[in-house]
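Here the structure comes first, spelled out in structure tokens, and everything after it is commentary.
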Amino acid sequence: MTKTYEVRTYGCQMNVHDSERLSGLLETAGYAKADEGTPDLVVFNTCAVRENADNKLYGNLGHIASVKEQNPGMQIAVGGCLAQKDRDTITKRAPYVDVVFGTHNIGSLPVLLERARIAEESQVEILESLEVFPSTLPTKRDSVFAAWVSISVGCNNTCTFCIVPSLRGKEKDRRPGEILAEIEALVADGVVEVTLLGQNVNSYGVEFGDRQAFGKLLRACGEIKGLERVRFTSPHPKDFTDDVIAAMAETPNVMPQLHMPLQSGSDRVLKAMRRSYRQEKFLGIIDRVRAAMPDAAITTDIIVGFPGETEEDFLQTMEVVRRARFTSAFTFQYSQRPGTPAADLPDQLPKAVVQERYDRLIEVVNEVAWDEARKQEGRVVELLVADHEGKKDGATHRLTGRARDNRLVHFVPGDHSVRPGDMVEARITYAAPHHLVSDDAPISVRRTPAGDAWESRQGRTEVRSVGLGMPSLGVPAPLPPAPACAI
-16 MTKTYEVRTY GCQMNVHDSE RLSGLLETAG YAKADEGTPD LVVFNTCAVR ENADNKLYGN
44 LGHIASVKEQ NPGMQIAVGG CLAQKDRDTI TKRAPYVDVV FGTHNIGSLP VLLERARIAE
104 ESQVEILESL EVFPSTLPTK RDSVFAAWVS ISVGCNNTCT FCIVPSLRGK EKDRRPGEIL
164 AEIEALVADG VVEVTLLGQN VNSYGVEFGD RQAFGKLLRA CGEIKGLERV RFTSPHPKDF
224 TDDVIAAMAE TPNVMPQLHM PLQSGSDRVL KAMRRSYRQE KFLGIIDRVR AAMPDAAITT
284 DIIVGFPGET EEDFLQTMEV VRRARFTSAF TFQYSQRPGT PAADLPDQLP KAVVQERYDR
344 LIEVVNEVAW DEARKQEGRV VELLVADHEG KKDGATHRLT GRARDNRLVH FVPGDHSVRP
404 GDMVEARITY AAPHHLVSDD APISVRRTPA GDAWESRQGR TEVRSVGLGM PSLGVPAPLP
464 PAPACAI
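242 is the number that the numbering used here gives to position 259 of the sequence shown; each next residue is one higher, with no gaps.
Quick look at the structure:
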């Protein structure tokens, strides 16, 4: 009988993409996703960034342990950043865990599970450097028509609040040809949108000494026939150059959307965070992006309550939010993460102070976001239809799609037959802070190969593998040159 599995994912887009790889590996090894009942395997793909990440993990493990007691053949695996960090303590605190694996060797999971079954004891394997680049592994994508594509892994920055570099390692860049070959294979499989992924995506090229490699990569994506939308996340302001802005503005399938992490609007706090940019540089980037792409939607990350943050520091962050006009912001209360330099800084702020500032920030973020959203009312937008994003779509008889600027739009299909992956033009009739609504019938519906792919795969499970090789030494073959008119 086929064994079943469940993957539980915590954290960022990189983890989501890793979980797609884990699902692909397991299905290649003969497992099937558990749709109901008790799975034979539960994999926790963990994150170490947020406060109490370890407590949440062990709480969830405790719950699963009671299930495992009733199902002796069941296995539990823990991977991801928290596994990389707490390699020596997971099996001590949770001896019923069968496998612990790190961020650099997710491809080892099936073998480790078999070793644990035969040896009847926990298997712990944590590597200190990348074993196999993630995109060489089989993949079970969550979406038929949109895909993540890793262009680099690891990070060379030393932000004092972040533990990721010590867990993911130094930046390793893929060769441009390998990236483009993967994208072309995905497009041939029905994908119309890709998101380029990296811990610091716009520093791509640092390993082979080309500071303009990321802009060239965006332009090269524009030459791929059938690829309708290109996004990327997350860039770092210190590496964001004007050639990237030009590439975004001049490449039609690169979307007018930018996620640019601010973290703080205070120069003093940014220095303490070791963020090598200051307020005016950040706002200058925003201004240049908007000059090149007036309708660009810009989102950000903000941390409230960093050690030593004063009321004046906080007010500077609020001022940047008002000036930058973010479409939305991912806001976080600073949490003391063991292993980060900021955890040992003096002047850790009281929880009540952090909470009060956080509440004020959320109010301003929502106010600005709603003002920006209202500007969309009456506009016609092109939507890539999603298959599972609208929680209330069933009750409202709406479908959901993403606009070119990545805004979430709920729309009424009218008499049209619309499939996930198809493109719809709709007029915005109502704006809320975090979504838009179109209650008029679509202006047009365009059936796409992505919609065909979605329709053809209903009721089928497929695992795709693109074997494109490890990042290798030496200077990669150059990307096609940028047009002479590029800035």
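Yeah, the Cβ is synthetic: ideal placement off N, Cα and C, and Gly gets one too.
- In this chain, the alpha helix (DSSP H) harbouring Val337 covers 334 to 357.
- Along the segment 358 to 442, the beta strand (DSSP E) occurs as fully enclosed runs of 3 or more residues at 363 to 368, 382 to 386, 391 to 394, 406 to 410, 413 to 415, 418 to 421, 427 to 429, listed in sequence order.
- In the three-state reduction of the DSSP assignment, Tyr(-12) falls in the strand class, which pools E and B.
- Glu3 and Ala36 have their C-alpha atoms spaced approximately 21 Å apart.
- In the three-state reduction of the DSSP assignment, Leu241 falls in the strand class.
- The C-beta distance from Ile166 to Leu210 rounds to 6 Å, short enough to fall under 8 Å.
- Going by C-alpha positions, Val368 is about 39 Å away from Met256.
- Here the alpha carbon of Ala99 sits roughly 12 Å from the alpha carbon of Ser91.
- Beyond the five residues adjoining it in sequence on each side, Arg308 comes within less than 7 Å, by CB distance, of Val351, Glu355 in the same chain, given in chain order.
- Per DSSP, the unbroken alpha helix (DSSP H) holding Phe197 starts and ends at 196 to 204.
- Exclusion of the five residues before and after Lys221 leaves Ser259, Tyr260 as the residues of its chain whose Cβ lies within less than 7 Å of its Cβ.
- Straight across, the Cα-Cα distance linking Gln338 with Pro93 is about 43 Å.
- Around Trp437, the same chain offers Val127, Phe128, Gly173, Asp370, Arg402, Pro403, Gly404 as residues with beta carbons nearer than 8 Å, after the five sequence neighbours per side are excluded.
- Taking the Cβ atoms as the reference, Val227 lies roughly 6 Å from Phe197, within the contact range of under 8 Å.
- Taking a C-beta distance under 7 Å as the contact criterion, Ile286 and Phe315 qualify as a contact pair.
- Leu5 sits close to Ile89, with the two beta carbons spaced by under 7 Å.
- Scanning its chain for C-beta atoms nearer than 6 Å, with the 5 sequence neighbours on each side dropped, one finds no residue around Gly45.
- Residues Met57, Ile59, Tyr79 of the same chain have their beta carbon placed closer than 7 Å to that of Lys51, with the five preceding and five following residues left out of the count.
- Collapsing the DSSP output to three states places Val32 in coil.
- For Val107, the closest of Arg305, Ala229, Ala66, Arg158 by C-alpha to C-alpha distance is Ala66.
- Here Glu190 is buried. Its C-beta has 16 or more other C-beta atoms within 10 Å.
- Under the DSSP definition of a beta bridge, Leu179 partners with Val132, Phe215.
- The closest CA to that of Glu97, considering only Thr293, Gly62, Ala12, is found on Ala12.
- Thr21 sits in coil when the DSSP states are folded into three classes, being neither helix nor strand.
- For Gly7, no beta strand (DSSP E) segment is defined; the enclosing uninterrupted segment is the alpha helix (DSSP H) at -4 to 11.
- Phe144 places its beta carbon 7 Å or farther from that of Thr283.
- Contact check for Ala386 against Val392 passes: the beta carbons are separated by less than 7 Å.
- Distance from the CA of Pro218 to the CA of Asn54, rounded to the nearest whole angstrom, comes to 45 Å.
- When beta bridges are read from the DSSP output, Lys75 appears opposite no residue.
- Taking all protein chains in view, the Cβ of Gln441 is surrounded by fewer than 16 other Cβ atoms within 10 Å, so the residue is classified as exposed.
- Gln246 and Arg70 have their C-alpha atoms spaced approximately 29 Å apart.
- Collapsing the DSSP output to three states places Thr224 in coil.
- Across the set Ile207, Met243, Asp1, the C-alpha of Ile207 shows the shortest separation from the C-alpha of Thr234.
- In this chain, Phe265 is not harboured by any beta strand (DSSP E); it is covered by the alpha helix (DSSP H) spanning 262 to 275.
- A residue is called buried when at least 16 other Cβ atoms come within 10 angstroms of its Cβ; His87 meets this threshold and is buried.
- Here Lys16 carries a strand assignment [DSSP, helix/strand/coil].
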